[in-house]
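Report on the structure given below.
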Amino acid sequence: MTTETLLTVRDLSLEVARTGHAVVSNVNFDIAAGEIFGIVGESGSGKTLATRALISLLPQAIAVTGGSVAYKGRDVMGMKSRELRRLRGAEIGVVFQEPMTSLNPSMTIGRQLEEGLALHTKLSAEERRERILDMLKRVGIGDPEGALTAYPHEFSGGMRQRIMLASVMLLKPALLIADEPTTALDAVIQRDVMELMVELTRAEGTAVLLISHDLPMVARYTSRIVVMEKGVIVEQGRTADLLEAPKHPYTKKLLSSLPFRGELRVIDTSKAPMVSARNIVVDYAGRKSLLRKAGSKRALHGVSIDIHEGEVVALVGGSGSGKTTLGRTIAGLVKESEGQIRFQGRSRDEDWIDYRLNCQMVFQDPYSSLDPRMTIEALVEEALRLVPGLDAEAKRKRAHETLEEVGLGVDYADRYPHELSGGQRQRVAIARAIARRPRFLIADEPVSALDVTVRAQVLDLFSDLQKRYGFSCLFISHDLGVVEQVADRVVVMQDGRIIEQGDRDTIFDSPKEAYTRRLLSAIPALDQNAQGGVSLKWRLEA
Amino acid sequence: MKKFTFNGLIGGILIAILLATAAIGLFWTPFDPMKLSFTARLAAPSAEHLLGTDEFGRDVLSRLMIGARASVWIGALTVGFATVCGTLIGLVSGYARGWTDGLIMAVNNALLAFPGILLALGLLAVFGANQYGIIFALGIAYTPSMARVVRGAVLSLREREFIEASRVMGNDELYTMFRHILPNCLAPITVLATSMFGWAILSESALSFLGLGVPPPAPTWGNMLAAGRPFIQQAVWLGLFPGLCIALTLLGINLLGDALRDRLDPRMRGLK
Numbered sequence: 020m021t022t023e024t025l026l027t028v029r030d031l032s033l034e035v036a037r038t039g040h041a042v043v044s045n046v047n048f049d050i051a052a053g054e055i056f057g058i059v060g061e062s063g064s065g066k067t068l069a070t071r072a073l074i075s076l077l078p079q080a081i082a083v084t085g086g087s088v089a090y091k092g093r094d095v096m097g098m099k100s101r102e103l104r105r106l107r108g109a110e111i112g113v114v115f116q117e118p119m120t121s122l123n124p125s126m127t128i129g130r131q132l133e134e135g136l137a138l139h140t141k142l143s144a145e146e147r148r149e150r151i152l153d154m155l156k157r158v159g160i161g162d163p164e165g166a167l168t169a170y171p172h173e174f175s176g177g178m179r180q181r182i183m184l185a186s187v188m189l190l191k192p193a194l195l196i197a198d199e200p201t202t203a204l205d206a207v208i209q210r211d212v213m214e215l216m217v218e219l220t221r222a223e224g225t226a227v228l229l230i231s232h233d234l235p236m237v238a239r240y241t242s243r244i245v246v247m248e249k250g251v252i253v254e255q256g257r258t259a260d261l262l263e264a265p266k267h268p269y270t271k272k273l274l275s276s277l278p279f280r281g282e283l284r285v286i287d288t289s290k291a292p293m294v295s296a297r298n299i300v301v302d303y304a305g306r307k308s309l310l311r312k313a314g315s316k317r318a319l320h321g322v323s324i325d326i327h328e329g330e331v332v333a334l335v336g337g338s339g340s341g342k343t344t345l346g347r348t349i350a351g352l353v354k355e356s357e358g359q360i361r362f363q364g365r366s367r368d369e370d371w372i373d374y375r376l377n378c379q380m381v382f383q384d385p386y387s388s389l390d391p392r393m394t395i396e397a398l399v400e401e402a403l404r405l406v407p408g409l410d411a412e413a414k415r416k417r418a419h420e421t422l423e424e425v426g427l428g429v430d431y432a433d434r435y436p437h438e439l440s441g442g443q444r445q446r447v448a449i450a451r452a453i454a455r456r457p458r459f460l461i462a463d464e465p466v467s468a469l470d471v472t473v474r475a476q477v478l479d480l481f482s483d484l485q486k487r488y489g490f491s492c493l494f495i496s497h498d499l500g501v502v503e504q505v506a507d508r509v510v511v512m513q514d515g516r517i518i519e520q521g522d523r524d525t526i527f528d529s530p531k532e533a534y535t536r537r538l539l540s541a542i543p544a545l546d547q548n549a550q551g552g553v554s555l556k557w558r559l560e561a
Numbered sequence: 029m030k031k032f033t034f035n036g037l038i039g040g041i042l043i044a045i046l047l048a049t050a051a052i053g054l055f056w057t058p059f060d061p062m063k064l065s066f067t068a069r070l071a072a073p074s075a076e077h078l079l080g081t082d083e084f085g086r087d088v089l090s091r092l093m094i095g096a097r098a099s100v101w102i103g104a105l106t107v108g109f110a111t112v113c114g115t116l117i118g119l120v121s122g123y124a125r126g127w128t129d130g131l132i133m134a135v136n137n138a139l140l141a142f143p144g145i146l147l148a149l150g151l152l153a154v155f156g157a158n159q160y161g162i163i164f165a166l167g168i169a170y171t172p173s174m175a176r177v178v179r180g181a182v183l184s185l186r187e188r189e190f191i192e193a194s195r196v197m198g199n200d201e202l203y204t205m206f207r208h209i210l211p212n213c214l215a216p217i218t219v220l221a222t223s224m225f226g227w228a229i230l231s232e233s234a235l236s237f238l239g240l241g242v243p244p245p246a247p248t249w250g251n252m253l254a255a256g257r258p259f260i261q262q263a264v265w266l267g268l269f270p271g272l273c274i275a276l277t278l279l280g281i282n283l284l285g286d287a288l289r290d291r292l293d294p295r296m297r298g299l300k
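Those sequence lines, one after another, are chains R and V.
So our numbering is basically just the index in the first sequence, starting at one, shifted up by 19.
So our numbering is basically just the index in the second sequence, starting at one, shifted up by 28.
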């Protein structure tokens, strides 16, 4: 590795132009050629704005108030727009977070990839085509020729991010800025894309600026790290040092917010299970049209699962594994084609009212799971609407109690969901689910949309409530780190089948199936040390 | 925030003036709006006849005041009819999906394919040209667009997790539809309803113009505008004032509608 400095950022400060509110203050860092450099921070830390400023792609509302950015000794801030355009793409490539929207949906992949080459190089059409095909092959697209004439919607999220990566790397930039490049992807695909990115950039000698909220992921690939909080760099240093011996309280807080393995509880499984699903088959009807009837798609192939009283069962798997479908089927949101679901010994279908009163669900997205036109109090009270034997006063009281229990207090009762943060909304969603004191809770990715420290708080809240009320829980997640913290038992799904299950420690320490090992290789085993630091150990796939 | 209250205020004032005029017109007008006077035919606006007189010597201001009532009444009932029917149809169609949706939307699209005014003309030929015939005909003509808009909103809303949350809570479909889906459709409904109010007044004018509106001598803004057309060269006030009334009412309703939509949405409240 050379020690030549590629990018120098000095005292960079940004503010919201209209209000003068500082969003980034005095940020300093250097990136050396060929280095992989990380910026870690939660939402609102200013990490994305700071990196946007590096290539002068700030939103209109944000103004630069001071500082300088130099690329190979040239001042970026003072560049004319033509110079800037030459810099972007050709010298500095950018991969954005959302693979679903960063490719133009109405252009073929081939034309999109060609755009940059046509703009920044003098290659002939034939040479361009060759370069593109070669690059598509390198990023692992199975049929590069076919991909040229395909449209983005024909590819999955992971494939799109590979294509995005290909389009950026085609120009062999000296620096690649990757802003949350894999956040929208599930754990396994996330790791594949990251590995690919590291491999490609290493081969080309490209430096990478990796921006993410996911500290272990950044730590895995970078040599140096910057931690940002509220627009300020609170700590920077070599990745290993920073993890081992964090100095700033915020870094310590981030590290301690990582999910650690909880104590393994002994669950009494001698009694009949609380919830028992047998041989569940779910077929999604194919698209019907006037002239043809496409075949249906089988999402679950005869799945059986038991959940005992007071037990937290985690259902894990990649996207498309059928874990969400199974959860929704048990909740009664999806109708099973075959199979039977029993609740407390009786068929679920025998007594729906009883089941509805005792089975509740927490959804993934706190932004869409709360009716925007209802106050917090009304939302929680609504859950009590059908509970027999409660008058209006009792319902109100219970709603307030429940809000207190999830740490929101009565002050929040009159607010609307849009006035709350993501974490607070998820607390409301949890309050709504537990207000009825259900015996069984289905939680579908309840913390995936939350920031690291908020996630830790919500998980703690969840564990507290679970201990207090002793409800059984089906906890659906693609994030095995979270699962390691909360689950008693783990059920692994792949392609609509359960491939492995067992108590948490067995699955995490001695997984049998290759797919389980792949899932596990995406998350680190964490060890906390005395200084508040952690050591990360990555499990091997083989 | 400041801007929309300003707009909303103007809209509110315009609508208040309209309603006040219509209300006063019920009890008192400067002259008898039906009284003919051959001595004062086509008189220009003056201290006596503030807005002039028409070709039969009737006072234009008095007729506008009476006409305001007819126009507001027709507009409001038409919009009410189309909004209630369209919303119900849209809700059912979007919520049920499947063949119910297919059937309803097939009929709906067929109706949408007719220009509204043509449809209304046909219906009026059946029901006869009177005030309630117009309301009914225009109401039916506008229902499909409302149904379409509401259905679209429902289709996207029902995929949201809070609808599923309502189902998991055990709420029945009707409750979910009216408690969760309908309130969240209010924004597009208000916007469309306010523009419809404008269309209704305009269509009533157009129908009156074609002689299928409220039959003379009862005044509406539309038939006054139509009646003023032959005299546009000698007595511009005959067409000008009813036209101005229509234009200002539409402006007022649109401004008020926008402000109302923002106020009805809790997400817009308290934004600085």
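Beta carbons are placed, not taken as given, at the ideal position from N, Cα and C, and that holds for glycine.
Indicate whether I117(V) and A175(V) have their beta-carbon atoms separated by less than 8 Å.
yes
Across which residues does DSSP place K99(R) in a beta bridge pair?
Its beta-bridge partners do not exist; DSSP assigns none.
Please list, in chain order, all residues of the same chain as E83(V) whose beta carbon is under 7 Å from its beta carbon, the five residues on each side excluded.
R69, L70, F259
To which residues of the same chain is V219(V) closer than 7 Å at the C-beta, ignoring the five residues directly before and after it?
Same-chain partners within the cutoff: G285, R289.
Does the separation of the CB atoms of G36(V) and M93(V) fall below 8 Å?
For G36(V) and M93(V), no; Cβs fall outside 8 Å.
Cα-Cα, which of G57(R), W557(R), R508(R), G441(R) is closest to M247(R)?
G57(R)
If we call anything under 8 Å between Cβ atoms a contact, is G95(V) one with P247(V)?
yes
Using 8 Å as the limit for Cβ to Cβ distance, is A314(V) near chain R?
Given that chain V is displayed from residue 29 to residue 300, the structure contains no residue 314(V) and the question cannot be resolved.
CB contact below 8 Å: F56(R) versus chain V:
At a cut-off of 8 Å, the C-beta of F56(R) has no neighbouring C-beta in chain V.
Could you check whether the Cβ of L389(R) sits closer than 8 Å to any Cβ belonging to chain V?
yes
Sort out for me which residues DSSP pairs E562(R) with in a bridge.
With chain R covering only 20 through 561, there is no way to say anything about residue 562(R).
In angstroms, rounded to a whole number, what distance separates the CA positions of S7(R) and I74(R)?
Not covered by the structure: residue 7(R). The range shown for chain R is 20 to 561.
Can you give the Cα-Cα distance for R29(R) and E424(R), rounded to whole angstroms?
Annotation: R29(R) to E424(R) spans about 46 Å, alpha carbon to alpha carbon.
Return the first residue and the last residue of the beta strand (DSSP E) that A41(R) is part of.
Unbroken beta strand (DSSP E) run through A41(R): 41 to 51.
Status (buried if at least 16 other CB within 10 Å, exposed otherwise) for L152(V)
buried
Pick from R91(V), G80(V), F34(V): whose alpha carbon is nearest that of T49(V)?
R91(V)
Beta-carbon separation of H208(V) and D410(R) under 8 Å?
no
Between I495(R) and the rest of its own chain, which residues show a CB-CB distance below 7 Å, the 5 nearest in sequence each way excluded?
L334, K342, T343, G346, A462, D463, E464
Neighbouring residues, chain V, relative to F48(R) (Cβ below 9 Å):
Near F48(R) there are no residues of chain V at all, since even the closest Cβ is about 34 Å away, more than 9 Å.
Alpha carbon to alpha carbon, how far is R157(R) from L167(R)? Give it in angstroms, no decimals.
14 Å
Go through its chain and collect everything with a Cβ distance to R446(R)'s Cβ below 8 Å, but skip five positions before and after it.
V425, G426, L427, V477, L480
Suppose the cutoff is 8 Å on Cβ atoms and the five residues either side in sequence are ignored; what does the same chain contact list for L136(R) look like?
L142, R147, R150, I151, L189, L190
Closest by C-alpha distance to I16(R), when choosing among R284(R), S32(R), T220(R)
Lying before the first or after the last residue shown, residue 16(R) is absent from chain R, which here runs from 20 to 561.
Euclidean distance between Cα positions of V100(V) and A475(R):
59 Å
Given this structure, state the Cα-to-Cα distance separating Q261(V) from G241(V), to the nearest angstrom.
24 Å
State the start and end residues of the unbroken beta strand (DSSP E) segment that holds P543(R).
543 to 547
Taking 8 Å as the threshold (beta carbon to beta carbon), is A418(R) in contact with chain V?
no
Taking C-beta pairs closer than 9 Å, name the residues in chain R that N21(V) reaches, listed in chain order.
Here chain V has residues from 29 to 300 only, and residue 21(V) is not among them.
Consider the Cβ of F190(V): report whether some Cβ of chain R lies at a distance smaller than 8 Å.
yes
On the three-pair Cβ rule with 8 Å, is the stretch 226 to 236 of chain V touching the stretch 136 to 153 of chain V?
yes
On the premise that E355(R) lies in contact with V301(R), defined as a C-beta separation below 8 Å, what is that separation, rounded to the nearest angstrom?
6 Å
Output the distance between the C-alpha atoms of P171(R) and I191(V), rounded to the nearest integer angstrom.
Rounded to whole angstroms, P171(R) to I191(V) spans 30 Å at the Cα level.
Verify the CB distance criterion: does Q445(R) have a CB-CB separation below 8 Å to chain V?
no
Counting contacts by CB-CB distance shorter than 8 Å, is M62(V) in contact with chain R?
no
Between the stretch 358 to 384 of chain R and chain V, which residues of the former have CB atoms less than 8 Å from a CB of the latter, in chain order?
W371, I372, R375, L376, C378, Q379, M380, F382, Q383, D384
Where the alpha helix (DSSP H) through V473(R) begins and ends
471 to 488
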